[in-house]
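Worksheet for the structure shown next.
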Amino acid sequence: MSEAEVSLLEYLDLSQLTCLNESEEHTLKSIVADKKRNSGSAHVLSDADEQLLLSIPFNQTVKIRAIVLHTANAAQGPRTVRLVTNKPAVSFDDVEDAAGVVQELELSGEDVREGRKVPLRFVRFQSVNSLHIFVVSNQGGEDETRIDAIDIFGVPLQGTRDVSGLKKVEED
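Position 127 of the sequence shown, counting from 1, maps to 127 under our numbering, and the rest follow consecutively.
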C-alpha cells in the first residue's frame, strides 16, 4: 500500500528557516511563508555570488520523494544542487565537499523553467527532520541565482506531531 504523496510545505517550521547568501530584499521566507507553493512575484535571489544554502526544517518527521525548484529566469535557475538532511546547522564549509551529501542533482533548464517535479532517491529520505539545499551553480553561469518557488513532495510520518507550539508549564 502506497501512502498519498502531498506537498510538505505545510509542515515547515518557519521559525527555524534560514538561507545563507540570500539578498536582503529577496528572501526564502518570502516564497514559503504561506506554506504553499509561491505563485506571486516574490523570489529568492543570491547575494555575493551564485551559491545559496537553504535550510528547511519540518515541524514533524517526513519522508521526501521529490522536490521542485522553479524560476522565471532560466539562466539564473539552479543547475547543480546538493541535498543534505538532518543537520542542526549547516554552513558552506559543510557542503563544499560531497562527504555528507545525501544526493546531488543536475537540473536542466526545462526542470527549473517549467517547475518540474524532480524525483529523489526515496530510500535516502525516509526519516527527515530538516532538508538543506545547497545550490552550487546556476544554468547560465550568472552572478546571481533566482528561485521563484520551491515545493517538496512526500509523506508525513504517522505518530509524529508538531510540538513547536507547546510551552513549558511552570509548577507552583
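C-beta: ideal position from N, C-alpha, C; glycine also. As the structure is a prediction and not an experimental result, all values here were calculated from the model.
Next item on the list: Starting from the Cα of asparagine 73, find the closest Cα among Ala48, Lys117 and Arg146 and give me that residue.
Entry: Arg146
Notebook entry, point to check: Roughly how many angstroms lie between the CA atoms of glutamate 10 and lysine 35, to the nearest whole one?
Noted result: 5 Å
Item checked: Neighbourhood of aspartate 94 by C-beta, 8 Å cutoff - its chain only, sequence neighbours within 5 removed -> Val84, Lys87 and Gly100
Item checked: Min CB distance asparagine 38 to chain C below 8 Å -> Among the chains in the structure shown there is no chain C, since it carries only a single protein chain.
Notebook entry, point to check: glutamate 133 and valine 68: beta carbons closer than 8 Å?
Noted result: Per the sequence presented here, residue 133 reads as isoleucine, with glutamate not at that position. No.
Check: Of the choices Asn138, Arg121 and His43, whose alpha-carbon is the least far from that of glutamate 22?
Finding: His43
Check: Between the stretch 113-122 and the stretch 43-57, do at least 3 Cβ pairs fall closer than 8 Å?
Finding: no
Checklist line | Cβ neighbours of glycine 140 in the same chain (closer than 6 Å, five flanking residues each side left out) | finding: Ala75
Margin query: Distance check for phenylalanine 58 and lysine 29, CA to CA, integer angstroms please.
Written below: 14 Å
Next item on the list: Sort Pro78, Val136 and Ile152 by Cα distance to alanine 98 and report the nearest one.
Entry: Comparing Cα positions, the closest option is Val136.
Next item on the list: Could you pull out every unbroken beta strand (DSSP E) segment of at least 3 residues lying fully inside the stretch 90-141, listed in chain order?
Entry: 103-106 and 128-138
Margin query: Considering just the uninterrupted stretch of the beta strand (DSSP E) at leucine 53, what are its terminal residues?
Written below: 52-70
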